[in-house]
Structures are given as C-alpha cells and as structure tokens.
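Only one structure is covered here, and it is reproduced in the block below.
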Amino acid sequence: MGEINHFEYGWITPALSYALSVLGSALGLVCAGRIRTATSGGQRAWWGLLAAWALGGTAIWAMHFMAMLGFAVGGTRIRYDVPLTAASTVIAVVSVGIGLWIVGTGRLAAPRLLAGGFFTGAGVAAMHYTGMAAMRLDGSFGYDPLRVTLSVVIAIVAATVALWLAMTVRRVLAIAASALVMGIAVNGMHFTGMSALSVHLHESRGPASGTEVSGLLVPIVLAVVFGVVGLVYALLAAPSDDDRAGAAYISSRLDDGPSTAAPAEPAPDPVGLRARSTLAQPGAQFPSRRSTDRRP
46 MGEINHFEYG WITPALSYAL SVLGSALGLV CAGRIRTATS GGQRAWWGLL
96 AAWALGGTAI WAMHFMAMLG FAVGGTRIRY DVPLTAASTV IAVVSVGIGL
146 WIVGTGRLAA PRLLAGGFFT GAGVAAMHYT GMAAMRLDGS FGYDPLRVTL
196 SVVIAIVAAT VALWLAMTVR RVLAIAASAL VMGIAVNGMH FTGMSALSVH
246 LHESRGPASG TEVSGLLVPI VLAVVFGVVG LVYALLAAPS DDDRAGAAYI
296 SSRLDDGPST AAPAEPAPDP VGLRARSTLA QPGAQFPSRR STDRRP
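When we follow our numbering, the leftmost residue of the sequence shown carries the number 46, and every step to the right adds one.
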C-alpha cells in the first residue's frame, strides 16, 4: 500500500485551488446573470459559453488540477496522460454548459432545476474521476465505494445549488457570498473523492508513461490566465443594464422629437413691419415709386 500525501506543499495548493474556485464561480455567476438579460438567442449562447468556461473550466477543472499538484504517493513519481487530462476539461465545460441550457431556457421550475443539477453534478464527478484515471504511476488504484458515492452526491447537490444561484443571484454582495460557498462545495467534493483513493504499488518498478506535471503546468496556467482575462474583458466591454436603458431613452427621444416638438413662435414685430411688407410673401411684385404715386 502506497503512502498518500494530499498536501505535499502544505496549504499552498489547497489555498490556491480554493481561490481559483471562488474566482471562477464569481465570474460564472456574473456571466449567467447576463443570460437572463440577453435580448437574442446569439447573446444567450455567448454568455452561456462564457459561464460554462468560468464554472466548468476555472472553478471546477483548474481547481482540480491545482489541488492535484499537492498530491503525491511515496515511492513512485506521478505522470499524466495528456489526452485524458484534456478530456476531463471538455467534460467539465460541456456538463456545466448543458446544465445552464436546461435551467436557462424557460421558466425556472423545480423539475428543470433538479434535472440540470443532476446532469451537471454527474458530469463534474465524471470529470474528477477521469482526471484521476489520467494519472500514471507504478501502482494500481482502489476506491472506497461509500466515499465515492458521497463525493457524487456532494457534486450533484453543489451543482444544483450553483445552477439555482446562477439563475437568481444578481447583487454584488450576494454573488460574492455565493462564490465563497460554491468554492467550499467544489473543494469539499474534490477532497472527498480523493480520500476514497488508495494506491497499491507494483513490486516491479519501471518508468511510467505520460507527461510530468511540470510539462503541463505552464500551458494550463497560461490557459487559466488568458481565460480569466478574456472573461473580465468580455464583462467590462459588454453594455450594462444602465447603458442599455440610457441608449433606449436617447433613441426614443430622437425618434419622437420631430413629431412632438412645438412649432417655433415667430420673432416679435413691435412696429408692424412684417404686416406691411410685401417682400415676405412669395410671388409679390417689387414695389416702385410709380405705383405708389398713382391715384385710385
């Protein structure tokens, strides 16, 4: 039986994983709020994609990988299968995206919320154990069925709560508090699943296939950084509710202005020149002295 250490670098990796899950949850909640105010199907799809990447890619998968940096097994080195690692990312983003689509297309009701939460939670659990299966070491894995079941239940409950928050929370303080709670739920699910793992080392040791964590760290960190920057830029560049209300008000004023404007009043004429002048009338003849001297 191999000795497992979940915190090889102390509390650095769990603290960073929690920070990533909170950051991704906050960005995902803000993007999900834009789904409700979108005015077209294309806008809803765009914000749904961004919310799925923030929640599935950053809050869940990036948190999982960061926590795995502190995972070590005594007596063997850990490598990772790149295709399975990439597949776990796709599973996380797609499952969250489908869950958002289920609860975001129509009136929010309990059956719709439960269906979306079950699907998303099952996808999150599949992402976790797919990421675990991507590990390559000189040993075989074993899992405690009770703790595995508990981790799946936590994933489903956390996903259901996350989807409900994504569709209902709008205030800044509520989003911040919800992100903190979601971070605890995501990390709780991860470490519950990790506690179910046991490793049985092989008697004959050999070089394990796959890529070391140092080879995956740089591209994953860059992907997370550029993803977060892109999400923040998309949120800042998109017009807010106040911007849209201001634009609608200006447009309505421009459209209604010519028809509702009062007619301009004529300039004052205190000596009555306008009434005695014939030049102001179209088609009037130019006056001459001959016409004015003629008697009737």
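C-beta atoms are modelled at their ideal positions from N, C-alpha and C, and glycine is treated no differently.
#1: Rounded to the nearest angstrom, how far is the Cβ of alanine 230 from that of valine 206, given a contact under 8 Å?
#2: Determine the DSSP secondary structure at methionine 46, reduced to helix, strand or coil.
#3: Helix, strand or coil for alanine 83 per DSSP?
#4: Going by DSSP, which residues form a beta bridge with methionine 180?
#5: At which residues does the alpha helix (DSSP H) containing serine 259 begin and terminate?
#6: Going straight from the alpha carbon of alanine 83 to that of cysteine 76, what length do you get?
#7: If you draw a straight line from the C-alpha of serine 66 to the C-alpha of glycine 120, how long is it?
#8: How should methionine 212 be labelled, buried or exposed, when 16 other C-beta atoms within 10 angstroms of its C-beta is the threshold for buried?
#9: How is glycine 151 classed by DSSP in three states: helix, strand or coil?
#10: Quick one, are the C-beta atoms of leucine 242 and glycine 47 less than 8 Å apart?
#11: Give every residue of the same chain whose Cβ lies closer than 7 Å to the Cβ of tryptophan 146, excluding the five residues on either side of it in the sequence, and list them in chain order.
#12: Who does histidine 109 pair with in a DSSP beta bridge?
#13: Is tyrosine 54 helix, strand or coil when you go by DSSP?
#14: Please classify leucine 114: does DSSP put it in a helix, a strand, or coil?
#15: Roughly how many whole angstroms lie between the Cα atoms of glycine 102 and glycine 69?
#16: Between the Cα of leucine 158 and the Cα atoms of Ala131, Leu191, Ala203, which residue gives the shortest distance?
#17: Answer yes if the segment 184 to 195 comes into contact with the segment 146 to 155, meaning at least three C-beta pairs across the two stretches below 8 Å, and no otherwise.
In short, the structure shows the following:
#1: Along the sequence shown, read from residue 1 onward, the residue named residue 230 stands at position 185. Along the sequence shown, read from residue 1 onward, the residue named residue 206 stands at position 161. Contact holds; Cβ gap of about 7 Å.
#2: Translated into the one-based positions of the sequence shown, residue 46 becomes position 1. If DSSP states are grouped into helix, strand and coil, methionine 46 belongs with coil.
#3: As a working mapping, residue 83 is identified with position 38 in the sequence shown. Alanine 83: coil per DSSP, three-state reduction.
#4: Numbered from 1 along the sequence shown, position 135 holds the residue referred to as residue 180. Tyr125, per the DSSP bridge assignment.
#5: Taking the first residue of the sequence shown as position 1, residue 259 is located at position 214. Segment 258 to 282, the alpha helix (DSSP H) holding serine 259.
#6: For the purposes of this step, residue 83 is identified with residue 38 of the sequence shown, where counting begins at 1. For the purposes of this step, residue 76 is identified with residue 31 of the sequence shown, where counting begins at 1. The straight-line gap from Cα to Cα measures roughly 11 Å.
#7: On the sequence shown, residue 66 is found 21 positions in, with the first residue counted as 1. On the sequence shown, residue 120 is found 75 positions in, with the first residue counted as 1. Roughly 31 Å separates the two Cα atoms.
#8: On the sequence shown, residue 212 is found 167 positions in, with the first residue counted as 1. Label assigned to methionine 212: buried.
#9: Start at 1 with the first residue of the sequence shown, and residue 151 comes out as number 106. Correct three-state label for glycine 151: coil.
#10: On the sequence shown, position 197 is the one that residue 242 refers to. On the sequence shown, position 2 is the one that residue 47 refers to. Not closer than 8 Å, so no.
#11: Counting from one through the sequence shown, the residue named residue 146 turns up at place 101. So the list reads Gly93, once near-sequence residues are dropped.
#12: Along the sequence shown, one-based indexing puts residue 109 at 64. The partner list for histidine 109 (beta bridge, DSSP) is empty, contrary to what the question assumes.
#13: In the sequence shown, residue 54 corresponds to position 9, counting from 1. Coil, per DSSP.
#14: If you number the sequence shown from 1, residue 114 lands on position 69. Looking at leucine 114 - three-state DSSP - the assignment turns out to be coil, as it is neither helix nor strand.
#15: Within the sequence shown, the letter at position 57 stands for residue 102. Within the sequence shown, the letter at position 24 stands for residue 69. The alpha-carbon atoms of glycine 102 and glycine 69 are separated by roughly 8 Å.
#16: To locate residue 158, count along the sequence shown from 1; it is residue 113. Taking only the C-alpha atoms, the option nearest leucine 158 is Ala203.
#17: no
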